[in-house]
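This report concerns only the one structure given below.
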Amino acid sequence: MARNNFAKDTATNKNTLVPHDLVQKTYARLNDIYAQRLCDNWAEEAEPAKHVFEDLAIAAFIIELWRSLYDISPKSEALEPSSSKFPGFVDMACGNGVLVYVLLMEGYSGSGIDARRRKSWKTFPEFIQDRLIERVLVPRPFIHAIESDDIDMEYELGNYPEGTFIISNHADELTIWTPIMAALARSEAPLPFLAIPCCSHSFSGDRYRYSPPQKENISQELKEDEPGSQKKFTIDQNAQPASGDLKALRFLKEKEKTEEGISESMYGSLAAKTMEVAREIGYAVQENKLQIPSTRNIGIIGTQSVSTREYRDIERVILGIVERECEMDGGIQVAAKKWVERAQNLHTSIAEGIAEGIAMH
Numbered sequence: 001m002a003r004n005n006f007a008k009d010t011a012t013n014k015n016t017l018v019p020h021d022l023v024q025k026t027y028a029r030l031n032d033i034y035a036q037r038l039c040d041n042w043a044e045e046a047e048p049a050k051h052v053f054e055d056l057a058i059a060a061f062i063i064e065l066w067r068s069l070y071d072i073s074p075k076s077e078a079l080e081p082s083s084s085k086f087p088g089f090v091d092m093a094c095g096n097g098v099l100v101y102v103l104l105m106e107g108y109s110g111s112g113i114d115a116r117r118r119k120s121w122k123t124f125p126e127f128i129q130d131r132l133i134e135r136v137l138v139p140r141p142f143i144h145a146i147e148s149d150d151i152d153m154e155y156e157l158g159n160y161p162e163g164t165f166i167i168s169n170h171a172d173e174l175t176i177w178t179p180i181m182a183a184l185a186r187s188e189a190p191l192p193f194l195a196i197p198c199c200s201h202s203f204s205g206d207r208y209r210y211s212p213p214q215k216e217n218i219s220q221e222l223k224e225d226e227p228g229s230q231k232k233f234t235i236d237q238n239a240q241p242a243s244g245d246l247k248a249l250r251f252l253k254e255k256e257k258t259e260e261g262i263s264e265s266m267y268g269s270l271a272a273k274t275m276e277v278a279r280e281i282g283y284a285v286q287e288n289k290l291q292i293p294s295t296r297n298i299g300i301i302g303t304q305s306v307s308t309r310e311y312r313d314i315e316r317v318i319l320g321i322v323e324r325e326c327e328m329d330g331g332i333q334v335a336a337k338k339w340v341e342r343a344q345n346l347h348t349s350i351a352e353g354i355a356e357g358i359a360m361h
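Quick note: the sequence shown uses the UniProt record's numbering, first residue 1, plus one each step.
See the structure below:
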């Protein structure tokens, strides 16, 4: 199958953890092995090419990232099983499951969770299907903020084994929560994570636009973070750009393609906010521009940067963050109810759809 050429320009590549040439080499191998089968067996309504090639590119980056972090190789190269060194992964909001499928096939242990089962899951081998879990993820601070009786569905809190690598790939509402959920899973040793932001949401799950970082901080946001630094960003009220001036709108569109424009965009602002939250918790944060066929190509890597002893107050710190960020919704209880109600509505619509399908047969 013809190889999809993604992001050939390395001049603006911000990778420092993973060499671009290694990712390209691994991508080419994954493309040769999996692309044709995935496209031929595609069961979703969306066009397969973009999703397949994008997930293969992300898988290639993750494989090389794990090679760097854990000194492990995919099973085709490994002299010993990956499980002997690798603590496992969880892909939150795994969607079509392609990324989980590829990583499992490459010999890495892990699983994927999503609120909605996808048609594609049935196209994978049975042992892959067993690692794809249909369940709603609810942030732990929200569970503590409301009565458990108010939650009429099965949900996941994110209690994962020590060292589990968290993947948050275009996880929408969960993006801003990724550092918090990774830290609370093991507060004595917060879990490493990779977040690839997509659509911007507030902590309650509402669509929301965060303010861009201050200009003097933009260049620093594109570099490896110094542990312990905490940058504060003010939250706007979703002000919209003025319309009607076509020349100005064209200028803004062109600016969005530049490094500064990305930082000031809704997408860049979400990435900056996610990094801010991670740093405030205590993570060392690295931003990488991924070579994927998408303009939403920022990868945020969080690793533990302080000792276990310094994490003794992590839950207090996180609660402070959540309370602060939920003020716009009227407080943490209001935000928690919004989140749970939205999740329950999704859960109900899925159940009704299944029941309707059974009745038609």
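Glycine included, C-beta positions come from ideal geometry on N, C-alpha and C. Note that the structure is a prediction, hence the values are computed from the model and not measured.
Hey, out of the options, whose CA is closest to residue i's CA?
i: ASP313; options: ARG186, GLU341, ARG207 and ALA284; result: ARG186
i: LEU56; options: PRO74, TRP42, TYR27 and PRO48; result: TYR27
i: ILE301; options: PHE142, SER204, GLU147 and PRO190; result: PRO190
i: LEU319; options: TRP177, HIS20 and TRP339; result: TRP177
i: LEU104; options: LEU30, GLU147 and ALA115; result: LEU30
i: ASN70; options: ILE332, VAL18 and GLU154; result: Looking at the sequence shown, residue 70 is not Asn but Tyr. Checked all of ILE332, VAL18 and GLU154; the closest Cα to TYR70 is VAL18.
i: TRP121; options: ALA272, SER265, VAL317 and ASN41; result: ASN41
i: ARG117; options: VAL136, ILE146, ALA272 and PRO74; result: VAL136
i: ILE133; options: GLY112, ILE281, TYR155 and ALA49; result: GLY112
i: GLY282; options: ILE62, LEU38, ILE180 and LEU22; result: ILE180
i: SER204; options: GLU173, PHE193, GLU188 and LEU184; result: GLU173
i: GLU280; options: ILE63, ALA183, VAL334 and ARG37; result: ALA183
Taking DSSP's pairing of strands, which residues face residue i in a bridge?
i: ASP114; result: GLU134
i: LEU194; result: ILE167 and ILE301
i: ASP91; result: GLY112 and ILE167
i: TYR155; result: VAL136
i: ARG207; result: HIS201
If you count every other CB in all the chains shown that lies within 10 Å of the CB of residue i, and 16 or more means buried, which is it?
i: HIS144; result: exposed
i: PRO213; result: buried
i: THR274; result: buried
i: ASN288; result: buried
i: GLY207; result: In the sequence as presented, Gly is not what sits at residue 207; that position holds Arg. Result: exposed.
i: ALA46; result: exposed
i: ASN169; result: buried
i: ARG131; result: buried
i: ASP32; result: exposed
i: ALA43; result: exposed
Specify, as a first and last residue, the run of the beta strand (DSSP E) that residue i falls within.
i: ALA284; result: 283-289
Out of curiosity, what's the CA-to-CA distance linking residue i and residue j?
i: PHE336; j: ASN159; result: Note that residue 336 corresponds to Ala in the displayed sequence, not to Phe. Taking the straight line from one Cα to the other gives about 19 Å.
i: TYR101; j: GLU54; result: 14 Å
i: PRO293; j: LYS25; result: 16 Å
i: ALA171; j: HIS201; result: 10 Å
i: ILE151; j: GLN344; result: 8 Å
i: ILE298; j: ILE196; result: 6 Å
i: PHE107; j: LEU65; result: The question names Phe, yet the displayed sequence has Gly at residue 107. The straight-line gap from Cα to Cα measures roughly 15 Å.
i: PRO87; j: THR164; result: 5 Å
i: GLY330; j: HIS20; result: 45 Å
i: LEU290; j: ILE58; result: 8 Å
i: ARG342; j: VAL98; result: 26 Å
i: PHE127; j: ILE166; result: 21 Å
i: ILE321; j: TRP339; result: 17 Å
i: ARG209; j: ALA35; result: 35 Å
i: ALA115; j: CYS94; result: 9 Å
i: GLY110; j: GLU162; result: 13 Å
i: GLU325; j: MET92; result: 22 Å
With respect to the alpha helix (DSSP H) encompassing residue i, which residues constitute its N-terminal and C-terminal limits?
i: ASP21; result: 20-30
i: GLY320; result: 314-325
i: GLN129; result: 126-129
i: PRO48; result: 48-70
i: TYR101; result: 98-105
i: LEU184; result: 178-185
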